[in-house]
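Chemist: Residue numbers (our numbering), protein chains in the order written: chain A, 4 to 83; chain B, 4 to 83. Quick one: the structure is below, questions incoming.
Protein chains: 2
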Amino acid sequence: MIKARIVVTLKTGVLDPQGKAIESALQSFGIQDVGSVRQGKVFDVELAGSDTEQAETTLKAACEKLLANTVIENYAIEIA
Amino acid sequence: MIKARIVVTLKTGVLDPQGKAIESALQSFGIQDVGSVRQGKVFDVELAGSDTEQAETTLKAACEKLLANTVIENYAIEIA
């Protein structure tokens with residue numbers, strides 16, 4: 004079995020209102036040092052088999068089709 | 004300036020309906036190899052200063068107070 008982690012983040016320049024909200028929430032909690040915050044998503048996936056190359060192809064397809072909106076988001080695949 | 008990434012994931016054993024939905028969506032897209040999927044959140048944070056130890060303390064406080072629900076979620080802080 005292969006374990007992989009996919010991290011989907013907004014591209015630079017894309018507005019992130021959720022991150023902005025977290026920023027001001029942190030400041031109102033008294034945590035002042037925090038500059039910018041940007042929020043993304045993480046997917047921990049388990050795949051059958053042991054062929055990491057094929058797993059990467061599968062996960063790329065999953066990202067392109069479903070997990071990431073490639074117009075505004077980047078994705079990174081880490082296979083453990 | 005310090006850049007850090009916080010990854011918040013559900014604890015093992017906590018039901019993840021969103022992950023389950025992604026699992027079946029992937030299968031209906033013809034991606035069959037995928038076993039389990041669990042979804043989490045990622046926060047890319049920029050902090051003022053250069054004291055990594057203090058940054059870690061600040062980020063821990065941020066996780067405990069706001070970013071993670073420690074009853075059902077784990078968090079991991081990576082400082083770049």
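Note that the Cβ used here is the ideal one computed from N, Cα and C, for glycine as well.
1. Could you give the distance in angstroms between the alpha-carbon of T60/B and the alpha-carbon of G16/B?
2. Please name the residue in D36/A, E67/A and L70/A whose C-alpha comes closest to that of K63/B.
3. According to DSSP, simplified to helix, strand and coil, what is A7/A?
4. For A58/A, does the count of other Cβ atoms within 10 angstroms reach 16, so buried, or fall short, so exposed?
5. With DSSP run on the structure shown, which of helix, strand or coil describes L62/A?
6. Counting only C-beta atoms, is T73/A closer than 9 Å to chain B at any point?
7. How long is the line joining the alpha carbons of I9/B and R8/A, rounded to whole angstroms?
8. Mind pulling the chain A residues with CB within less than 9 Å of Q30/B?
9. E81/A lies in the beta strand (DSSP E); which residues open and close that run?
10. Taking the alpha-carbon positions, what's the S53/B to F46/B distance?
11. Spatial neighbours of I82/A within its chain, please: C-beta separation below 7 Å, excluding the five flanking residues on both sides.
12. List the residues of chain A whose Cβ lies closer than 9 Å to the Cβ of T3/B, in chain order.
13. Quick one: residues in its chain with C-beta nearer than 8 Å to the C-beta of G33/B, no 5 flanking neighbours on either side, listed in chain order?
14. In angstroms, rounded to a whole number, what distance separates the CA positions of K14/B and A79/B?
Modeler: Let me spell this out:
1. In the second sequence, counting from the first residue as 1, residue 60/B sits at position 57. In the second sequence, counting from the first residue as 1, residue 16/B sits at position 13. When rounded, the distance between both Cα atoms is 28 Å.
2. Counting from 1 along the second sequence, the entry for residue 63/B is found at position 60. Taking only the C-alpha atoms, the option nearest K63/B is D36/A.
3. To locate residue 7/A, count along the first sequence from 1; it is residue 4. Annotated three-state conformation of A7/A is strand, per DSSP.
4. For the purposes of this step, residue 58/A is identified with residue 55 of the first sequence, where counting begins at 1. A58/A comes out buried.
5. Translated into the one-based positions of the first sequence, residue 62/A becomes position 59. Note: L62/A maps to helix in three-state DSSP.
6. If you number the first sequence from 1, residue 73/A lands on position 70. So, not an interface residue.
7. Taking the second sequence and counting its residues from 1, one reaches residue 9/B at position 6. Taking the first sequence and counting its residues from 1, one reaches residue 8/A at position 5. If I take the Cα positions, the gap works out to 14 Å.
8. Counting from one through the second sequence, the residue named residue 30/B turns up at place 27. Near Q30/B there are no residues of chain A at all, since even the closest Cβ is about 11 Å away, more than 9 Å.
9. In the first sequence, residue 81/A corresponds to position 78, counting from 1. E81/A -> beta strand (DSSP E) spans E76 to I82.
10. Within the second sequence, numbered from 1, the residue matching residue 53/B stands at position 50. Within the second sequence, numbered from 1, the residue matching residue 46/B stands at position 43. A direct Cα-to-Cα measurement between S53/B and F46/B gives close to 19 Å.
11. Residue mapping note: residue 82/A aligns to position 79 of the first sequence, counting from 1. These residues qualify, in order along the chain: I5, A7, T55, A58 and E59.
12. Summary: the structure shown does not reach residue 3/B, with chain B confined to residues 4 through 83, and so no result is reported for it.
13. Translated into positions along the second sequence, residue 33/B becomes position 30. Counting only Cβ-Cβ distances below 8 Å, and skipping sequence neighbours, we find nothing.
14. Within the second sequence, residue 14/B is the residue found at index 11, counting from 1. Within the second sequence, residue 79/B is the residue found at index 76, counting from 1. Here the alpha carbon of K14/B sits roughly 12 Å from the alpha carbon of A79/B.
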